[in-house]
Amino acid sequence: MRRHASLAALLMLALGAPAAGPLSERLAALQDGMEEGGAAPFALPDGVRLLADQAYGEHRLQRYDVYLPRNAHRAPVIFMVHGGAWRTGDKASAQVVQNKVRRWTTRGIIVVSVNYRLLPGASVAMQAADVAAALAAAQAGAAGWGG
1 MRRHASLAAL
11 LMLALGAPAA
21 GPLSERLAAL
31 QDGMEEGGAA
41 PFALPDGVRL
51 LADQAYGEHR
61 LQRYDVYLPR
71 NAHRAPVIFM
81 VHGGAWRTGD
91 KASAQVVQNK
101 VRRWTTRGII
111 VVSVNYRLLP
121 GASVAMQAAD
131 VAAALAAAQA
141 GAAGWGG
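Residue 1 is where the sequence shown starts when you use UniProt numbering, and the numbers rise one by one after that.
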């Protein structure tokens, strides 16, 4: 019985191996696209304005994008920090921000999407400080955007 279980496990591995190659390659390509400069442009909803790459620090990754709805006045602000396990990701990645921008700006809400320095070049403490600095900068700028 133990031998049959081992053979079954080997057979499943062998049958799954051909599919693993393309899936692994696709995952690697997606991760590469999210590393640096992986932001794919997308069409903004009508009337939405983008203030791209607003600096909150000296490093090239210490930037945020602001998506302004038409005629924003005392609008709420959503502050979004992209995922990526602190190693990958980009504030402008269409797969991360596009649906959020479409959903919230059309409801009169300002969306701020943030980049921060990534591992291994920055410690987690530095990354947390980046996010805090970006939030402070966004809070300081919100009234000027109509927030």
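From the three backbone atoms N, C-alpha and C, an ideal C-beta is built for every residue, glycine too. All values derive from a computational prediction rather than experimental measurement.
Sub-8 Å separation of Leu61 and Tyr116 beta-carbons: When the beta-carbon positions are compared, Leu61 and Tyr116 come within less than 8 Å of each other.
With distances taken from CA atoms, which of Val48, Gly121 and Ala75 is nearest Thr88? Gly121
Identify which residue in Glu58, Arg70 and Val96 has its Cα closest to the Cα of Ser113. Val96
Quick check on DSSP: helix, strand or coil for Ala72? coil
Rounded C-beta distance between Thr106 and Pro41? I'm assuming under 8 Å. Pro41 and Thr106 do not touch by the CB rule: their CB atoms are close to 19 Å apart, not below 8 Å.
Of all the options Val124, Asp65 and Met126, which has the alpha carbon lying nearest to the alpha carbon of Leu142? Reading off the sequence shown, one finds Ala at residue 142, where the question assumed Leu. The candidate whose alpha carbon is nearest that of Ala142 is Asp65.
Would you mind reading off the limits of the beta strand (DSSP E) that contains Ala52? Arg49 to Ala55
Gly83 classed as buried or exposed, judged by whether at least 16 other C-beta atoms fall within 10 angstroms: Exposed: under 16 other Cβ atoms inside 10 Å.
Using 10 angstroms around the beta-carbon of Gly147, count the other beta-carbons present and answer buried if the total reaches 16, otherwise exposed. Residue environment: Gly147 is assigned as buried (16 or more neighbouring CB atoms within 10 Å of its CB, all protein chains considered).
Same chain only: Cβ atoms within 8 Å of Gln127, ignoring 5 sequence neighbours per side: Trp86, Tyr116, Arg117, Leu118 and Leu119
Exposed unless 16 or more other CB atoms sit within 10 angstroms - verdict on Asp53: exposed
List the whole-angstrom C-beta distance separating Tyr56 from Ala125, where the pair is believed to meet the contact cut-off of C-beta under 8 Å. That belief does not hold up - the Cβ atoms of Tyr56 and Ala125 are roughly 17 Å apart, past 8 Å.
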